[in-house]
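Asks: Sharing a structure here in structure tokens format.
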Amino acid sequence: MPLGNLTSQFFANVYLNELDHYVKEQLKVKYYVRYVDDFVILHKHKTLLDYYKNKIDEFLKTKLALELHPDKSKIIQSSNGTNFLGFRIFPEFKLIRKKNLQKFERNFLMLKGLYEKGAVEREKVIEIFEGWTAYVSNADTYKYRRQITRKFNKDFPVEPNTEIKNPKKHDNFLKKIEAADYKFTTQKTLQMLKKGLSIKQIAQQRGIKESTVWSHLANLIEYNQISIWRIIPKNKIITILNNIKDENEKLKDIKERIKDESITYNEINCVLASVKYENKKKSISTVVKWYKKEYCFRKCFLNTKQREQCSKKI
């Protein structure tokens, strides 16, 4: 049975079930974690850990005809990091082991060569890539994931006349690629806003000024990550829009034309950002999404089969 196979993992869990009962019920270990054949025990006393190790080794040999790996079974300080399931786990953070990163980079180069030869489809590469990013997201790898997502689009460009078999998955992946270009601090503000927090609450929780949160919102609006209508009341948006003559105008000039003192510079800046987005040269993917929403989905709303065919053609 191949190592890593789901069936082998299942049988390993069944076979080592007795070990779990022994560790928890006989040895009374409080902090014990096991996944298939990897397990960790945490305790502040080294002598007790030595005792646990000897007793477990004895139990495995006599009851299950197994033994602890002589090189991998070690007692170490948690501050030095613990290797577990491909991660190096520290008390405050988690990292991916270097050999795992190097292995993926080798596979990445191999896939790039196969894609250039036409031996593998882009959607298959996306599946492999998303599986990897989902795995490494369990560690502190935000910057690393942004970096490889940007690199992916350059190394695996969409070829002309390529059939997209799963348009929804393809669109979702395009969003990830676009999001990789946005600043982390702005994305964090967006996440908190989606959770229902107000601008004041976001500023307090993040320890930043409210004006900084407003500037994040303006950036998000300009890049179409959030709608202006969700941030500012409709009547204020209309008032501001009616007093904007040019997207390059100064906020002070627009404010002077508005006779409503309740409208702030931050609100004007956000509305101005929405105007800049509307006037910005759109990418082909943005235009296609707009066309599908305005025409395709409206005409074929009840005909899901036709919508799927059109999505593949587009």
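Numbering (our numbering), first residue to last: -11 to 302. Glycine is no exception: its CB is placed at the ideal position from the N, C-alpha and C atoms. Please read all numbers here as calculations on a predicted model, not as lab measurements.
Quick check on the burial criterion: 16 or more other C-beta atoms within 10 angstroms. Buried or exposed for Glu255?
Replies: Classification of Glu255: buried, given that the 10 Å Cβ count is 16 or more.
Asks: Mind checking which residues open and close the alpha helix (DSSP H) that includes Asp241?
Replies: Segment Leu239 to Arg245, the alpha helix (DSSP H) holding Asp241.
Asks: Beta carbon of Ile228, beta carbon of Ile251: below 8 angstroms?
Replies: Result yes, Cβ atoms of Ile228 and Ile251 sit closer than 8 angstroms.
Asks: If you draw a straight line from the C-alpha of Ile63 to the C-alpha of Ile84, how long is it?
Replies: Each residue's alpha carbon lies about 21 angstroms from the other.
Asks: Is any beta-carbon of chain C found at less than 8 angstroms from that of Gln(-3)?
Replies: No chain C appears in this structure, which consists of one protein chain only.
Asks: Using the C-alpha atoms, what's the distance from Phe72 back to Leu89?
Replies: If I take the Cα positions, the gap works out to 15 angstroms.
Asks: Please classify Lys268: is it buried, with 16 or more other beta-carbons within 10 angstroms of its beta-carbon, or exposed?
Replies: Answer is exposed; the Cβ neighbour count stays below 16.
Asks: What is the DSSP secondary structure of Phe27, counted as helix, strand or coil?
Replies: Three-state DSSP puts Phe27 in a strand.
Asks: Would you tell me roughly how many angstroms separate the C-alpha atoms of Gly119 and Gln135, rounded to the nearest one?
Replies: Computed Cα separation, rounded: 16 angstroms.
Asks: Check each candidate in Arg138, Val17 and His9 and name the one with the smallest Cα separation from Lys32.
Replies: For the residues Arg138, Val17 and His9, the minimum Cα distance to Lys32 belongs to Val17.
Asks: How do the segment 37 to 57 and the segment 5 to 13 stand: do at least 3 beta-carbon pairs fall below 8 angstroms, yes or no?
Replies: Flag = yes, the segment 37 to 57 and the segment 5 to 13 touch.
Asks: For Asn71, report the span of its beta strand (DSSP E) as first-last.
Replies: Asn71 -> beta strand (DSSP E) spans Thr70 to Phe72.
Asks: Once the 5 residues before and after Glu55 are set aside, which same chain residues still bring their CB inside 7 angstroms of it?
Replies: Hits under 7 angstroms: Asp45, Leu48 and Lys49.
Asks: Give me the Cα-Cα distance between Leu239 and Leu205, rounded to the nearest whole angstrom.
Replies: In a straight line, the C-alpha of Leu239 is about 16 angstroms away from that of Leu205.
Asks: Taking the alpha-carbon of Ile220 as reference, which of Ser125, Ala261 and Asp241 has the nearest alpha-carbon?
Replies: Closest option to Ile220, Cα to Cα, is Ala261.
Asks: Can you tell me which of the three DSSP states Tyr211 falls into?
Replies: Correct three-state label for Tyr211: coil.
Asks: Excluding sequence positions up to five away, which residues of its chain have a Cβ less than 8 angstroms from the Cβ of Ile246?
Replies: Within the same chain, Ile246 has close Cβ partners Thr227, Ile228, Asn231 and Ile256.
Asks: For Thr174, which residues of its own chain have a beta-carbon under 7 angstroms away from its beta-carbon, when the five flanking residues on both sides are left out?
Replies: Result list for Thr174: His204, Asn207 and Leu208, in chain order.
Asks: For Tyr170, which residues of its own chain have a beta-carbon under 6 angstroms away from its beta-carbon, when the five flanking residues on both sides are left out?
Replies: Because the pLDDT at Tyr170 is just 48, under 50, the model does not fix this residue reliably, and the value given afterwards should be weighed accordingly. For Tyr170, where only same-chain residues beyond five positions count, there are no Cβ hits under 6 angstroms.
Asks: In three-state DSSP terms, what is Lys188?
Replies: Note: Lys188 maps to helix in three-state DSSP.
Asks: Please name the residue in Lys34, Ala127, Ala122 and Asp59 whose C-alpha comes closest to that of Ile77.
Replies: Ile77 has its Cα closest to that of Ala127, out of Lys34, Ala127, Ala122 and Asp59.
Asks: With Leu36 as the anchor, note down where its alpha helix (DSSP H) starts and where it stops.
Replies: Where Leu36 is concerned, the enclosing alpha helix (DSSP H) stretches over Lys34 to Lys51.
Asks: Using the DSSP secondary-structure output, state which residues sit across from Arg218 in a beta bridge.
Replies: In DSSP, Arg218 forms no bridge with anything.
Asks: I need the DSSP call for Leu304, collapsed to helix, strand or coil.
Replies: In the structure as shown, the chain starts at -11 and stops at 302, and residue 304 therefore has no counterpart that could be examined.
Asks: State the Cα-Cα distance for the pair Arg22 and Glu93, rounded to the nearest angstrom.
Replies: Answer to the nearest angstrom: the Cα atoms are 28 angstroms apart.
Asks: When we look at the beta-carbon of Met98 and count the other beta-carbons within 10 Å, is it buried (16 or more) or exposed?
Replies: Exposed: under 16 other Cβ atoms inside 10 Å.
Asks: Among the residues of its own chain, which have a CB less than 7 angstroms from the CB of Val28, if the five just before and after it don't count?
Replies: Within the same chain, Val28 has close Cβ partners Val21, Thr70 and Phe72.
Asks: Closest to Lys243 by C-alpha separation, out of Asp234, Asn236, Leu102 and Tyr253, would be which residue?
Replies: For the residues Asp234, Asn236, Leu102 and Tyr253, the minimum Cα distance to Lys243 belongs to Tyr253.
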